[in-house]
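Q:
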Amino acid sequence: MKPFRIPIYFVISSSLFLSACGGSDSDSSSSTLVPSEGPIWVQGQFIEDSRFAAQCETPRVGIDPQTGRTYPDLLGSAFDEKMWMRSWSNNTYLWYDEVVDRDPAGFTVANYFEQLKTNELDANGAAKDNFHFQMPTVDWQAQSQSGTQLGYGMEFKIVAATPPRKIVVAYTEPDSPAALASVVRGEEIIAINGVDAVSTIDGAEINVLNSALFPSDDSQSYTFTLKEVGSTATRNVVLTPQAVTSSPVHNVKTIQTTSGKVGYFQFNSHIATAELALKNAFDTLQAENVDDLVLDVRYNGGGLLAIASQLSYMVAGDQQTSNKIFETTSFNDKHPTVNPVTGQTLQPFPFIDEGIGFSLTERTPLPSLNLNRIFILSTDNTCSASEAIINGLRGIDVEVILIGGTTCGKPYGFYPTDNCGTTYFTIQFQGQNHKEFGDYASGFSPMTMPVTEGVRVPGCAVADDFSHKLGDPAEHMLASALQYRIDTTCPSPTGAKAFISRSAQQNTSDANLALEDRRAQTKINSNRLVYLPNK
Amino acid sequence: MSEQTPKITAKLSILAALTIGMMGCQLIQAPEPAHMSAITQKAYTELQQSVSQLMGGQRVYIGNSAFQNSHILAIEREPKVGPDGHLLQGRVMEKPTIFHLLKASETCILINTKTNESIALLHAQCQITKRDE
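For the protein sequence lines, the chains are V and F, in the order given. Numbering follows this note's numbering, in which position 202 of the first sequence is assigned residue number 202; successive positions increment by one, without gaps. Numbering follows this note's numbering, in which position 88 of the second sequence is assigned residue number 1088; successive positions increment by one, without gaps.
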């Protein structure tokens, strides 16, 4: 595969279109595998993946919009495609040595990929690899304006996806259809178009719920029946999906306490527009001269790692981050020094102290609060790049106090890679902090968490409190952070029930009845996918 | 808004030359960062098609808010959610594609900063972004 240049902070991870080698095979290791009639499978012996790349059962024709060049596809076979993914996995999969090398015969291409992963369990008995996906490349290539998605501008939390379901509005975007309809945090969706969202077990009705909650087009309006906060009263609102551009940072504020000023803001997504929004937030808090910061990432599932690095810099400042590593990317033991995908020498990811041009002018100096501790509000939706903030700051001895629930546990990443029109996601690297720590596959857990799951971090287990607005000092998670700040005490754990364990979530027997965003999933062939019988 | 007006870079000089090419021999001003002053359906469609064209024809979804408050438009992959409800790609190291909107004389120009390719928008109404705006 041809390496390409990368800027210091980024690696272009766009689908990599591997060119077919074709021609004679001069690789001595393959001589026993490639007789004149073509390659055969021999257990434990692997030819370079480039030998099989872009040899497709159904080659694409025309120009690839990703590269502007003709598709590299040549006429091959399903066997070639399976042999490519087998060799590619053996070369780049983080746990390649835990994959059972099975004969591709008898597997479809999709099914063969599904089994090219470890079957080991983690310390909690859950699957070690939960992140193994494939989807059509044309869907993976789809682009959008940063933060712009078809929807209503309301983020909801599916507290229980199976009956009795509980779907609660977590927050709304300013000026969105939901906000204009006065939808507020804490309201429960109890019906949509008359379909009982709490109890229905009818497949067609569940489809209505999924279509309304995760709209794919703007042609239809839906009537949501909402139960008001702290009341049994209900009301109907009619919402029509439209393009909503979300603001990644909400509720920047300073809370005056008897022991100083505490900054707070809600950070929802590591998208490009967050660069400017975060800089503005830290400018505000710096001008307020806050003594502490509560960073609310309870709904932040990650995104651009560079944004996480910038945010961490703005927390810790020059002195604590100088010559320190925010994150190092670690591949499998075949590639200790060179990125096997880009061919570049592995470079640590620094704490970024300036604008990088995503939404802020390049080289604009970033402000910093120079804090040596931070309070982070978390749930199981706190994932990936958000966890990198926790780990990155802990790596330079900034004290992280976690308030809320166990984070999702995704220290891993991949370079989504195209072959023959399908893009494959297989875990290829692990992020490690300055202290070379990255083993948090079960997440980070506040110290008082009643269920042992992730890496224990100082702080308090507190359930999400939908009865108060985000940023309200009375909201339980924020209130707990403010209390812990005073005397390091935590409220009594709300109970294990409020913190459903990851393994329990995975083992639900009612998966057919679950609500889920299938807009992407219908395009992902994952062995953990559950479809309704008629889908 | 508090976004700072960027310095005019060499990139813009190239653009100026491009613009001269597009506009014949008229005397024009150097392109300056701009944002949309109004967006009609026609202008929105043109913008969406132009962004797609400057990205090799890829499918691109943009909203009416594009270039409304800024001369910068970031294009990223559509977020995809996995079966567990989490983003498939939550640790992104791929740089977004950044577009700038510039104005030279009365022409609004869209530029892909990754490739430096540009398109003059015929239906857009834009105005120069003032410093500290």
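Cβ coordinates follow ideal geometry from the N, Cα and C atoms, glycine included. Nothing here was measured: the structure is a model prediction, and the numbers come from that model.
1. For Lys1130 (chain F), is the classification buried or exposed, using 16 other Cβ atoms within 10 angstroms of its Cβ as the cut-off for buried?
2. Within 10 angstroms of the Cβ of Ala474 (chain V), are there 16 or more other Cβ atoms? Answer buried if so, exposed if not.
3. Does any C-beta atom of chain V lie closer than 9 Å to the C-beta of Met1055 (chain F)?
4. Would you tell me roughly how many angstroms separate the C-alpha atoms of Leu180 (chain V) and Pro174 (chain V), rounded to the nearest one?
5. Using a beta-carbon distance cut-off of less than 8 Å, what residues from the segment 1079-1113 of chain F approach chain V?
6. Which residues does DSSP pair with Thr1092 (chain F) in a beta bridge?
7. If Asp540 (chain V) sits next to Ser87 (chain V), beta carbons under 8 Å apart, how far is it from one beta carbon to the other, in whole angstroms?
8. Go to Gly431 (chain V), then tell me how far its beta strand (DSSP E) extends in each direction, as first and last residue.
9. According to DSSP, which residues form a beta bridge with Thr254 (chain V)?
10. Across which residues does DSSP place Asn1112 (chain F) in a beta bridge pair?
11. 9 Å is my cut-off, CB to CB: does Ala1038 (chain F) come that close to chain V?
12. Residues of chain F with CB closer than 7 Å to the CB of Asn130 (chain V), please, in chain order.
13. Could you name the residues of the segment 257-286 of chain V whose beta carbon sits closer than 7 Å to any beta carbon of chain F, in the order they occur along the chain?
14. For Val457 (chain V), count neighbouring Cβ atoms within 10 angstroms of its own Cβ and tell me buried if that reaches 16, exposed if not.
15. Kindly list, in the order they appear in chain V, the residues whose Cβ is closer than 7 Å to that of Glu1117 (chain F).
16. For Phe326 (chain V), name the three-state secondary structure that DSSP assigns.
17. Quick one: residues in its chain with C-beta nearer than 7 Å to the C-beta of Val99 (chain V), no 5 flanking neighbours on either side, listed in chain order?
18. Along the chain, where does the alpha helix (DSSP H) containing Asp292 (chain V) start, and where does it finish?
19. Which residues in chain V sit within 8 Å of Leu1122 (chain F), going by Cβ to Cβ distance?
20. With 9 Å as the threshold, decide whether the Cβ of Trp88 (chain V) is near any Cβ in chain F.
21. DSSP three-state label for His476 (chain V), please.
22. What are the residues of the segment 1040-1069 of chain F that lie near chain V, defined by any Cβ-Cβ distance shorter than 7 Å?
23. What residues in the segment 108-142 of chain V bring their beta carbon closer than 8 Å to a beta carbon of chain F?
24. Does Ala1030 (chain F) come within less than 9 Å of chain V when only Cβ atoms are used?
25. Do Val455 (chain V) and Asp439 (chain V) have their C-beta atoms within less than 9 Å of each other?
26. Can you tell me whether Ile190 (chain V) is helix, strand or coil according to DSSP?
27. Can you check whether the C-beta of Glu1133 (chain F) is within less than 9 Å of a C-beta belonging to chain V?
28. At which residue ranges does the segment 309-354 of chain V contain complete beta strand (DSSP E) runs of 3 or more residues, listed in the order of the chain?
29. Report the option in F:Val1051, F:Ile1039, F:Gln1041 whose CA atom is closest to the CA atom of Ser1152 (chain F).
30. My understanding is that Thr328 (chain V) touches Thr337 (chain V), with C-beta atoms under 8 Å, so please give their C-beta distance in whole angstroms.
A: By the coordinates alone:
1. Taking every protein chain shown into account, the CB of Lys1130 (chain F) has fewer than 16 other CB atoms within 10 angstroms, so this residue is exposed.
2. Only exposed fits Ala474 (chain V), as fewer than 16 other CB atoms lie within 10 angstroms of its CB.
3. Closer than 9 Å to some Cβ of chain V, the Cβ of Met1055 (chain F) qualifies, so yes.
4. Going by C-alpha positions, Leu180 (chain V) is about 8 Å away from Pro174 (chain V).
5. Along the segment 1079-1113 of chain F, the positions whose C-beta sits under 8 Å from a C-beta of chain V are Pro1079, Lys1080, Val1081, Gly1082, Pro1083, Asp1084, Gly1085, His1086, Leu1087, Leu1088, Gln1089, Gly1090, Arg1091, Val1092, Met1093, Glu1094, Lys1095, Pro1096, Thr1097, Ile1098, Thr1113, read in chain order.
6. The displayed chain sequence assigns Val, not Thr, to residue 1092 (chain F). Note: Val1092 (chain F) sits in a beta bridge opposite V:Leu304.
7. For chain V, the structure presents residues 1 to 535; residue 540 (chain V) sits outside this window and is missing.
8. Counting along the chain, Gly431 (chain V) sits inside the beta strand (DSSP E) bounded by residues 429-432.
9. Thr254 (chain V) is bridged to V:Gly263.
10. According to DSSP, Asn1112 (chain F) bridges with F:Phe1099, F:Glu1117.
11. By this cut-off, Ala1038 (chain F) is not an interface position.
12. Going along chain F in sequence order, the residues near Asn130 (chain V) (Cβ under 7 Å) are Asp1084.
13. Within the segment 257-286 of chain V, the residues whose Cβ lies closer than 7 Å to some Cβ of chain F are Ile271, Ala272, Thr273, Leu276, Asn280, listed in chain order.
14. Counting of Cβ neighbours within 10 angstroms places Val457 (chain V) among the buried residues, the total reaching 16 or more.
15. Under a criterion of Cβ atoms nearer than 7 Å, no residue of chain V is adjacent to Glu1117 (chain F); the nearest Cβ is some 10 Å distant.
16. Here DSSP, grouped into helix, strand and coil, assigns Phe326 (chain V) to strand.
17. Same-chain partners within the cutoff: Ser89, Tyr93, Leu116, Lys117, Thr118.
18. Taken as a continuous stretch (DSSP letters only), Asp292 (chain V) belongs to no alpha helix (DSSP H), being part of the beta strand (DSSP E) at 292-296.
19. Per Cβ cutoff of 8 Å: no residues; Leu1122 (chain F) is ~21 Å from chain V at best.
20. It does not; no Cβ of chain F falls within 9 Å.
21. For His476 (chain V), the secondary structure class from DSSP, reduced to helix, strand or coil, is helix.
22. For the segment 1040-1069 of chain F, which is checked against every Cβ of chain V, the residues closer than 7 Å are Met1055, Gly1056, Gly1057, Gln1058, Arg1059, Val1060, Tyr1061, Ile1062, Gly1063, Asn1064, Ser1065, Ala1066.
23. Those would be Asn130, Phe131, Phe133, Met135, Val138, Asp139, Trp140, Gln141, Ala142, in chain order.
24. Ala1030 (chain F) does not count as touching chain V.
25. Their beta carbons are under 9 Å apart, which means Val455 (chain V) touches Asp439 (chain V) by this criterion.
26. Note: Ile190 (chain V) maps to strand in three-state DSSP.
27. For Glu1133 (chain F), the predicted model reports a pLDDT of 44, less than 50, meaning its position is unreliable and no value from the coordinates is stated.
28. Segments of the beta strand (DSSP E) lying fully in the segment 309-354 of chain V: 325-330.
29. As displayed, chain F neither begins before 1001 nor continues past 1133, which places residue 1152 (chain F) out of reach and without an answer.
30. About 12 Å separates the beta carbons of Thr328 (chain V) and Thr337 (chain V), which is beyond the 8 Å limit, so they are not a contact pair.
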